[in-house]
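Undergrad: One structure is given below, represented as structure tokens, and several questions about it will come after.
Chains as they are written, first to last, in the working numbering: chain A, 1 to 114; chain B, 115 to 227.
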């Protein structure tokens with residue numbers, strides 16, 4: 001059974017704090033993604049990684065960075081949290097050695113920045 | 115520029131009837147399309163997909179139709195059940211090892227008992 005695990009379900013952080021969101025997958029997938037979900041805006045891609053130490057900006061990378069030191073782990077970093085980063089954060093992974101594959105999502109992290 | 119559009123934010127149907135959720139895309143390079151279902155406070159779960167070489171794919175109560183010339187796809191749920199009440203996201207992708215999924219804004223489906 002495939003599994004994408006995010007380290008926290010709920011987080012509350014203060015403005016200006018450095019925040020780490022961790023994601024681990026056990027499927028040996030090459031691609032990993034970070035999205036955020038906001039009401040009325042759908043799922044927006046922040047960053048994705050197609051291999052260890054490889055990363056690419058998504059649609060809304062400002063204020064975020066990522067780290068992928070091991071294939072199974074993809075971290076999202078908020079360098080200095082702001083209230084407009086309050087959101088649901090979703091990690092996903094996807095296999096790439098076949099043409100048509102779905103992405104598997106973690107359970108999400110609800111981050112509140114106060 | 116929104117490449118995947120779900121123009122109706124919500125849909126309400128009676129239990130037992132058909133639910134039709136629509137999705138349009140603008141990028142002609144997309145060749146793989148997916149539907150995800152999401153409950154509050156949970157991650158999206160994959161529902162059904164279709165590649166551009168097909169125009170229909172069916173899985174139990176769920177059928178996805180693809181009209182490439184119109185750049186339009188739809189998800190049909192028959193019969194609708196109260197447990198189908200959720201947000202449904204349409205997503206699209208291009209062939210390629212490092213392609214990403216581009217999502218629409220989602221449709222909130224409510225199935226009334």
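Virtual Cβ for every residue (Gly too), placed ideally from N, Cα, C.
Counting only runs of 3+ residues fully inside the stretch 149-204 of chain B, write out the beta strand (DSSP E) ranges in chain order.
TA: List check, beta strand (DSSP E) in window: 159-165, 170-173, 176-181, 186-191.
Undergrad: Does residue 73 (chain A) get closer than 8 Å to chain B when you measure Cβ to Cβ?
TA: Cβ-Cβ to chain B under 8 Å: no for residue 73 (chain A).
Undergrad: Three or more beta-carbon pairs under 8 Å between the stretch 6-19 of chain A and the stretch 53-68 of chain A, yes or no?
TA: No: fewer than three Cβ pairs fall under 8 Å.
Undergrad: Can residue 163 (chain B) and residue 102 (chain A) be called in contact, C-beta distance under 8 Å?
TA: Yes, Cβ-Cβ distance for residue 163 (chain B) and residue 102 (chain A) is below 8 Å.
Undergrad: Give the secondary structure of residue 222 (chain B) by DSSP, where H, G and I count as helix, E and B as strand, and everything else as coil.
TA: Strand at residue 222 (chain B).
Undergrad: Determine which residues share a DSSP beta bridge with residue 105 (chain A) and list them.
TA: DSSP lists A:92 as partners of residue 105 (chain A).
Undergrad: Less than 7 Å separating the Cβ of residue 214 (chain B) from some heavy atom of the ligand ZN?
TA: No copy of the ligand ZN appears in this structure; indeed no ligand is present at all.
Undergrad: At a Cβ cut of 9 Å, what residues of the stretch 95-111 of chain A count as close to chain B, listed as they run along the chain?
TA: Hits within the stretch, in order: 96, 97, 99, 100, 101, 102, 103, 104, 105, 106, 107, 108, 110.
Undergrad: Within a Cβ cutoff of 7 Å, which residues of the same chain sit near residue 107 (chain A), ignoring the five residues on either side of it in sequence?
TA: Answer for residue 107 (chain A): 6, 9, listed in chain order.
Undergrad: Since residue 55 (chain A) is in the beta strand (DSSP E), which residue starts that stretch and which ends it?
TA: Residues 54-57.
Undergrad: Please go through the stretch 10-65 of chain A and give each complete beta strand (DSSP E) segment of 3 or more residues, from N-terminal end onward.
TA: Whole beta strand (DSSP E) segments, 3+ residues: 10-13, 19-25, 31-38, 42-51, 54-57.
Undergrad: Got a sec: which bits of the stretch 39-50 of chain A sit with their beta carbon under 8 Å from any beta carbon on chain B, in order along the chain?
TA: Answer in chain order: 40, 41, 42, 43, 44, 45, 48, 50.
Undergrad: Can you look up residue 83 (chain A) in the DSSP assignment and give me helix, strand or coil?
TA: The answer is helix: DSSP assigns residue 83 (chain A) an H, G or I state.
Undergrad: Does the separation of the CB atoms of residue 199 (chain B) and residue 178 (chain B) fall below 8 Å?
TA: No; because the gap between Cβ atoms is not below 8 Å, this pair is not in contact.
Undergrad: Could you tell me whether any Cβ in chain A is nearer than 8 Å to the Cβ of residue 171 (chain B)?
TA: Not closer than 8 Å to any Cβ of chain A, the Cβ of residue 171 (chain B) fails to qualify, so no.
Undergrad: Residue 74 (chain A) lies in the beta strand (DSSP E); which residues open and close that run?
TA: 73-78 is the span of the beta strand (DSSP E), which, as asked, contains residue 74 (chain A).
Undergrad: If you check the beta carbons only, do residue 209 (chain B) and residue 145 (chain B) fall under 8 Å apart?
TA: Against a cut-off of 8 Å, the Cβ pair of residue 145 (chain B) and residue 209 (chain B) comes out as a contact.
Undergrad: Applying a beta-carbon distance threshold of less than 8 Å, which residues of chain A neighbour residue 136 (chain B)?
TA: Those within 8 Å of residue 136 (chain B) in chain A number zero; the least Cβ separation is about 15 Å.
Undergrad: Below 8 Å between beta carbons: does that hold for residue 131 (chain B) and residue 193 (chain B)?
TA: Cβ atoms of residue 131 (chain B) and residue 193 (chain B): closer than 8 Å.
Undergrad: Under three-state DSSP, which class holds residue 128 (chain B)?
TA: Correct three-state label for residue 128 (chain B): strand.
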